[in-house]
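Here the structure comes first, spelled out in structure tokens, and everything after it is commentary.
Residue numbers (my numbering), protein chains in the order written: chain A, 1 to 111; chain B, 1 to 112.
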């Protein structure tokens with residue numbers, strides 16, 4: 001069974017640009033969550049999607065957005081990038097009642 | 001107050017000993033509790049989950065839950081150098097509904 005696939009693995013962007021990250025969950029999982037991980041803040045919840053609907057949202061500015069498609073694949077978008085957005089972005093898929101399985105993450109560097 | 005609190009460590013334990021990792025949470029309505037292990041440069045990996053008060057054992061790992069005290073712990077018996085990692089406690093349910101909230105993690109080091 002394939003795991004959670006995140007693309008790309010690494011990205012370097014310039015301040016002010018926008019970026020789109022992609023996540024394909026485990027087959028059959030309808031829940032996809034996104035987290036930002038930085039050394040200082042740990043794992044911070046961004047949002048959760050379930051059956052194409054945003055079910056939960058964390059405390060991030062509106063520059064961070066996401067969506068989920070009918071095949072459960074999800075994308076997150078960050079507009080007007082800031083230096084502080086440099087982080088590891090993790091996607092996790094989950095079946096109901098169980099913990100999440102994480103993808104390998106996308107390492108975003110903003111310069 | 002943080003929703004999920006862990007001692008950041010590092011916690012240093014001799015090889016073969018028991019490592020004890022602790023976590024407290026603030027939302028009394030929380031229903032599901034998870035322990036993840038994260039090696040440096042890797043993504044978190046689920047190692048245990050527990051829903052009911054008491055102990056749950058899986059191999060060398062035992063998760064303990066005390067909802068009255070809002071306390072979760074993870075015991076690692078016969079600690080091995082390969083257990084050296086950051087351990088993340090995570091909580092689901094209550095006011096956070098379906099989202100999973102993570103603690104900041106405890107860094108565990110097993111010394112030979």
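From the three backbone atoms N, C-alpha and C, an ideal C-beta is built for every residue, glycine too. In this text, all values refer to a predicted model and were calculated from it rather than measured experimentally.
I need the boundaries of the beta strand (DSSP E) containing residue i, first residue and last residue.
i	result
residue 77 of chain A	74-78
residue 106 of chain A	106-110
residue 110 of chain B	106-111
residue 94 of chain A	87-94
residue 65 of chain B	61-66
residue 13 of chain B	11-14
residue 76 of chain B	71-76
residue 34 of chain B	30-38
residue 55 of chain A	53-57
residue 51 of chain B	Counting along the chain, residue 51 of chain B falls outside any beta strand (DSSP E), and DSSP gives it neither H nor E.
residue 82 of chain A	Premise fails: residue 82 of chain A is in no beta strand (DSSP E) and is neither H nor E.
residue 22 of chain B	19-25
residue 100 of chain B	100-102
residue 90 of chain B	85-93
residue 15 of chain A	From DSSP, residue 15 of chain A is part of no beta strand (DSSP E); its letter is neither H nor E.
Quick check: is the beta carbon of residue i nearer than 8 Å to any beta carbon in chain A?
i	result
residue 105 of chain B	yes
residue 50 of chain B	no
residue 12 of chain B	no
residue 34 of chain B	yes
residue 26 of chain B	no
residue 46 of chain B	yes
residue 43 of chain B	yes
By Cβ distance below 6 Å, which residues in the same chain neighbour residue i in space, the five residues on each side in sequence not counted?
i	result
residue 29 of chain B	94
residue 102 of chain A	90, 92
residue 44 of chain B	36, 38, 88
residue 86 of chain B	38, 105, 107
residue 13 of chain B	19, 79, 110
residue 22 of chain A	7, 75
What does a CB cutoff of less than 7 Å around residue i pick up in its chain, not counting 5 residues either side in sequence?
i	result
residue 8 of chain A	106
residue 86 of chain A	108, 109, 110
residue 114 of chain B	The structure shown has nothing for residue 114 of chain B, since chain B only spans 1 to 112.
residue 47 of chain B	35, 36, 37, 61
Kindly list the residues whose CB is nearer than 8 Å to the CB of residue i, restricted to its own chain and excluding five residues on each side of it in sequence; keep chain order.
i	result
residue 64 of chain A	46, 47, 76, 77, 78
residue 49 of chain A	31, 32, 33, 55, 66, 67, 68, 74
residue 14 of chain A	81, 110, 111
residue 8 of chain B	104, 105, 106, 107
Comparing the C-beta of residue i with each C-beta of chain B, is any distance below 8 Å?
i	result
residue 33 of chain A	yes
residue 90 of chain A	yes
(request) Give, in chain order, every residue of the region 61-83 of chain A whose Cβ lies closer than 8 Å to some Cβ of chain B. (result) none
(message) Give me the subset of the region 78-103 of chain B whose CB atoms are less than 9 Å from a CB atom of chain A, sorted by chain position.
(response) When CB distances to chain A are screened at a threshold of 9 Å, the residues of the region 78-103 of chain B falling below it are 88, 90, 92, 96, 97, 98, 99, 100, 101, 102, 103, in chain order.
(message) Using a Cβ-Cβ cutoff of 8 Å, what residues of the region 96-110 of chain A are near chain B? List them in chain order.
(response) 97, 98, 99, 100, 101, 102, 103, 104, 105
(message) Using a Cβ-Cβ cutoff of 7 Å, what residues of the region 43-55 of chain A are near chain B? List them in chain order.
(response) 43, 45, 48, 55
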